[in-house]
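Heads up: the structure comes next, in structure tokens.
There are 2 protein chains.
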Amino acid sequence: MAVAGDKTQGGTAERILDSAERLVQTRGFSNFSYADVAAELGITKASLHYHFPGKAELGEALITRYAERFSEALDRIDHDLPTARARLEAYAELYAGVLRGERMCMCGVLAAEYETLPGAMRAEVVRFFDENQRWLAQLLTAGQADNTLSFTGPVDETAQNILSTLEGAMLVARPYGDLARFDGARRALLAGLTVTR
Amino acid sequence: MAVAGDKTQGGTAERILDSAERLVQTRGFSNFSYADVAAELGITKASLHYHFPGKAELGEALITRYAERFSEALDRIDHDLPTARARLEAYAELYAGVLRGERMCMCGVLAAEYETLPGAMRAEVVRFFDENQRWLAQLLTAGQADNTLSFTGPVDETAQNILSTLEGAMLVARPYGDLARFDGARRALLAGLTVTR
DNA sequence: GTCTATAGGCAGATAGAC
DNA sequence: GTCTATCTGCCTATAGAC
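Chains W and C are the protein sequences, given in the same order.
Residues 2 to 198, numbered by the numbering used here, are exactly what the first sequence covers, in order.
Residues 2 to 198, numbered by the numbering used here, are exactly what the second sequence covers, in order.
Below you can see the structure in the form of structure tokens.
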């Protein structure tokens with residue numbers, strides 16, 4: 002069991018998830034293998050099957066953990082920052098951090114190969130997007146109330162647009178290896194939601 | 002050789018490209034096989050290798066043809082429509098048409114698995130994006146001149162943002178199987194570029 | 001929990017007949 | 001140009017020893 006000060010090590014299952022997560026975010030789900038993970042951790046493929054019976058189950062566990070961590074990050078943003086605008090900026094910064102790690106959003110990658118995913122993974126990808134949009138919609142409503150965000154369209158539609166704008170910015174920026182590209186998209190997004198004085 | 006009235010048939014190489022193109026746009030490059038294409042066309046895998054020696058060469062031919070057709074569509078838009086705004090709307094409609102065919106932009110899909118692509122394909126994906134951005138930048142400049150488009154940031158950055166916004170809208174809309182989702186993103190994009198009266 | 005060994009399938013690819 | 005036949009390699013997955 003994990004104890005305090007356990008940051009670097011973790012159990013085998015966690016280390017498998019860490020390795021597989023990075024591989025999915027950089028190469029895609031169908032472009033990494035048990036052999037890749039096993040080699041990276043210095044164990045055998047058979048051991049992986051002990052912790053995760055099949056690739057589908059591993060994939061489910063990957064999204065579940067990713068979504069939980071993301072949700073926790075959103076909770077921290079809500080707790081730490083006072084205005085809707087500051088929260089939105091922190092939200093965009095979450096995505097920028099992923100890109101700085103030379104990764105794509107996990108669910109963005111999975112969306113590209115959505116048709117080939119096991120059913121359970123498909124459902125989890127959509128759930129992740131839904132959760133993001135729910136949080137953003139609530140944020141936008143708060144932004145109208147505290148007068149730190151301005152927008153003209155419906156709340157839900159605007160929330161959807163924020164999500165897909167950031168996903169698209171990551172998707173296209175990565176082939177260029179250009180973080181400034183993402184920053185440009187982020188700047189325009191925030192500018193479009195700024196209250197006119 | 003292709004002759005007039007040859008719309009439905011085409012040579013074998015063209016039919017291979019048609020089949021592979023649809024498969025890439027729906028499943029991704031690494032998620033389709035020579036066996037898939039062969040089965041769809043009722044020929045053998047060996048025949049495919051006669052026309053395209055390897056999957057890398059087939060991939061290159063796919064992007065080349067896709068980019069050429071896209072470029073022709075852009076030329077038609079320039080020729081047929083008078084204002085920059087009308088051209089931008091037609092551009093967004095190109096993407097909507099792809100999504101209506103239950104496909105994703107080919108280069109958007111390939112961007113998600115960029116790290117695993119052969120070098121020649123990688124270069125072609127970036128070239129496709131560059132070509133789109135070049136056309137959009139020229140469009141935006143024309144839009145300032147004819148006063149049908151308005152934007153505050155730099156031309157090149159705005160062009161990049163239009164591209165990644167549409168790519169992101171397609172990427173996220175497809176798992177939902179929801180065309181209205183894309184339309185929402187398109188509407189917001191165009192609204193953000195509208196001249197204030 | 002981790003290992004060795006191996007099964008069974010599908011991938012991309014080639015040789016050579018027709 | 002298209003075929004049959006085959007190769008090699010990697011994939012996911014399992015059985016069973018330790």
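From the three backbone atoms N, C-alpha and C, an ideal C-beta is built for every residue, glycine too.
Considering only the alpha carbon of each residue, which of the options lies closest to residue i?
i: V110(C); options: I17(C), H52(C) and E22(C); result: E22(C)
i: Q139(W); options: L89(W), A124(W), F129(W) and L167(W); result: L89(W)
i: L42(W); options: E132(W), T84(W) and S20(W); result: S20(W)
i: F183(W); options: P83(C), Y177(C) and I163(C); result: I163(C)
i: P83(C); options: D37(C), A146(C) and L167(C); result: A146(C)
i: V127(C); options: V99(C), S165(C), F152(C) and L141(C); result: S165(C)
Rounded to the nearest angstrom, what separates residue i and residue j at their Cα positions?
i: D27(W); j: L150(W); result: Position check: residue 27(W) holds Thr in this sequence, whereas Asp was assumed. Computed Cα separation, rounded: 33 Å.
i: F30(C); j: L172(C); result: 15 Å
i: E103(C); j: A97(C); result: 10 Å
i: D76(W); j: I64(C); result: 43 Å
i: F53(C); j: M107(C); result: 19 Å
i: L191(C); j: A47(W); result: 53 Å
i: A14(C); j: F71(C); result: 19 Å
i: L59(W); j: D81(C); result: 52 Å
i: A112(W); j: Y92(C); result: 23 Å
i: G11(C); j: L118(C); result: 28 Å
i: W136(C); j: A189(W); result: 20 Å
i: R175(C); j: E114(W); result: 10 Å
i: K32(W); j: R86(C); result: Per the sequence shown, residue 32(W) should be read as Asn rather than Lys. Their Cα atoms are separated by approximately 41 Å.
i: G154(W); j: R187(C); result: 12 Å
i: M2(C); j: I17(C); result: Bear in mind that a pLDDT of 41 at M2(C), under 50, signals an unreliable position, so the number given afterwards is only what the model happens to contain. Each residue's Cα considered, the two are about 15 Å apart.
i: K56(C); j: G120(W); result: 28 Å
i: F130(W); j: Y51(C); result: 43 Å
i: L95(C); j: R101(W); result: 32 Å
i: D79(C); j: A143(C); result: 11 Å
i: E199(W); j: M122(W); result: The structure shown does not extend to residue 199(W), since chain W spans only 2 to 198, so no value can be given for it.
Can you look up residue i in the DSSP assignment and give me helix, strand or coil?
i: P176(W); result: helix
i: R77(W); result: helix
i: M105(W); result: coil
i: L118(W); result: coil
i: G55(W); result: coil
i: V127(W); result: helix
i: F152(C); result: coil
i: D147(W); result: coil
i: D29(C); result: For the sequence presented, residue 29(C) should be read as Gly rather than Asp. Of the three classes helix, strand and coil, the one that applies to G29(C) here is coil, per DSSP.
i: S48(W); result: helix
i: L95(W); result: helix
Count the other CB atoms within 10 Å of the CB of residue i; is the residue buried (16 or more) or exposed (fewer)?
i: A40(W); result: exposed
i: G169(C); result: buried
i: A160(W); result: buried
i: N148(C); result: exposed
i: E69(W); result: exposed
i: G193(W); result: buried
i: G185(W); result: buried
i: E73(C); result: exposed
For residue i versus residue j, is the C-beta spacing smaller than 8 Å?
i: Y35(C); j: L24(C); result: no
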